[in-house]
Amino acid sequence: MRQCNGRSIRSWISQRGHKLMVGLIGLAALTAMIATPALVVTPAWAAGEEGNLPAGNPAPQGSGESQALVLTLQQAIARALEVAPELRLAALDVAEKEIALKEAEIGQLEGRPASELAAAQFELEKAKQAMADARESVALSVEQQYYQVLRSTELLDIQRQSLERAEKQFKVTEARYQAGLISRQDYLTAQDQLVEQQHSFHQAQASLDLAKLQFKFLLGLPQDQEIILQDRFPFAPLEVDLAQSLNQALARRSDLLAARRAVANAEKQVALSDNDYTPPVELRKAKMALERAQIAAAQAEIRVILDVRQKYLALEQAKTAVEDSVRARERARDALRIAEARYNNGLSPLLELLNAQTALAQAELDAVGAVWDYNLAKAAFLQAIGERLLPEGPHER
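First residue of the sequence shown: 879, per the numbering used here; consecutive thereafter.
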């Protein structure tokens, strides 16, 4: 074995220490490289370039800004169906009735009465129909609230325009008052008009905020979530054949279909009870239940007919209101032009001009409101005749 003196040992330790230090430095560098994030390719819209975004996705905003959610009506309905608690409850009810049906089927193997199986089948069908009705109810609520947000937005725009007119008129009035061309009474009248328009504008803003809040609640969105409603619904009169609509309602209305299913189930119970081994009292009870179901079905049919006729009349009245409001708006615009010309030529007092401005603002509000009233009446009529907003859900098949 080679002998090593003290000097050679110290040299060997020094060399080893140097190599160890180099290794540690290399390891640290490698660790830093691993910890460094990879290069991220930023999408074009995130880099500040404009691009088309799919509706329903958050619209990218600047740094620190909340992202606005763009929604069509169908996307809004889809979101609401995902979070509506009443749908979850209805789904649980369907699941329970499915379990009950399986238990009844097993009971048949054990010799249980066939009427129990028929009753379980009927209860499951009823639960599925309730699920379908709940889905349609949620969809209709979202549609109505979607309309309400759009309506409130348009009304706010009209109030903003009215406020701008009032501010402009007040500046002119104030200048004339300072020049001694009008009385203080005219000046105060213009000032009151401006204050009133400011109040109306703030009310319209509050109404829009409330409509958005209620809409976001239906969709399960945070209160501070910004939304942009993409769809627009201009006035589109619905051509209605009342006789055909009545026939459709009698064939499709879920409440009437449920009443008819109840009659069919009662008839089945009578047939199952009409035998030698069932007590006569059970047959009598089944026949009374059948009679009650038949009466209820007849009443349901009458209610459906009345409902369709009422919704039809409301639809026609709403259509007439739209046409009347459009004509009234045009007359108000003409009246304002005349009032402005008369006032500018010193032929009429300021009050006449202010009244014409107020009349136009109200006519514009009425015209917008009439269109949305018609859209709501149309949605209610379509629901009354059994038109479905949604395809069948998984629990309805």
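Quick reminder that beta carbons are idealized off the backbone N, C-alpha and C, glycines included.
First and last residue of the uninterrupted beta strand (DSSP E) at residue i
i: Ile-1216; result: Looking at the DSSP string, Ile-1216 is not in any beta strand (DSSP E); the run it does join, the alpha helix (DSSP H), is 1158-1222.
i: Leu-947; result: 946-949
Rounded Cβ spacing between residue i and residue j (contact assumed at less than 8 Å)
i: Ala-1137; j: Ala-1178; result: 4 Å
i: Ala-1257; j: Glu-1021; result: 6 Å
i: Leu-949; j: Ile-1105; result: 6 Å
i: Leu-1134; j: Val-1182; result: 5 Å
i: Lys-1189; j: Ala-1262; result: 4 Å
i: Tyr-1221; j: Leu-1214; result: So it is not a contact: roughly 10 Å between Cβ atoms.
i: Glu-1230; j: Ala-1217; result: 6 Å
i: Ala-1068; j: Leu-965; result: Actually they do not touch by this definition, with Cβ atoms about 55 Å apart.
i: Ala-1082; j: Leu-1034; result: 4 Å
i: Val-1200; j: Val-1249; result: 6 Å
i: Ala-998; j: Ala-982; result: 4 Å
i: Arg-1211; j: Leu-1238; result: 6 Å
Exposure label - residue i; buried when at least 16 CB within 10 Å
i: Phe-1259; result: buried
i: Thr-1051; result: buried
i: Lys-1006; result: buried
i: Gly-1264; result: buried
i: Ser-858; result: Residue numbering for the chain in the displayed model covers 879 to 1275; residue 858 lies beyond these limits and cannot be assessed.
i: Tyr-1155; result: exposed
i: Arg-1236; result: According to the sequence shown, residue 1236 is Thr rather than Arg. Answer is buried; the Cβ neighbour count reaches 16.
i: Leu-1193; result: buried
i: Ala-1255; result: buried
i: Glu-1242; result: buried
i: Lys-975; result: buried
i: Glu-928; result: Note on Glu-928: pLDDT 34, under 50, position unreliable in the model; no value is reported.
i: Asn-1125; result: exposed
i: Asp-1202; result: exposed
i: Asn-1153; result: exposed
i: Ile-977; result: exposed
i: Ile-984; result: exposed
i: Asp-971; result: buried
Opening and closing residue of the alpha helix (DSSP H) in which residue i lies
i: Arg-1013; result: 992-1056
i: Asn-1253; result: 1228-1262
i: Leu-1135; result: 1132-1151
i: Leu-987; result: 963-987
Write down every uninterrupted run of the beta strand (DSSP E) in the segment 1058-1126 whose length is 3 residues or greater and which is fully enclosed by it, in chain order.
-> 1105-1107
Three or more beta-carbon pairs under 8 Å between the segment 1128-1144 and the segment 1155-1174, yes or no?
-> yes
Below 8 Å, can you find three or more Cβ-Cβ pairs linking the segment 1090-1109 to the segment 1025-1032?
-> yes
Do three or more CB pairs link the segment 1046-1062 to the segment 979-994 at distances below 8 Å?
-> no
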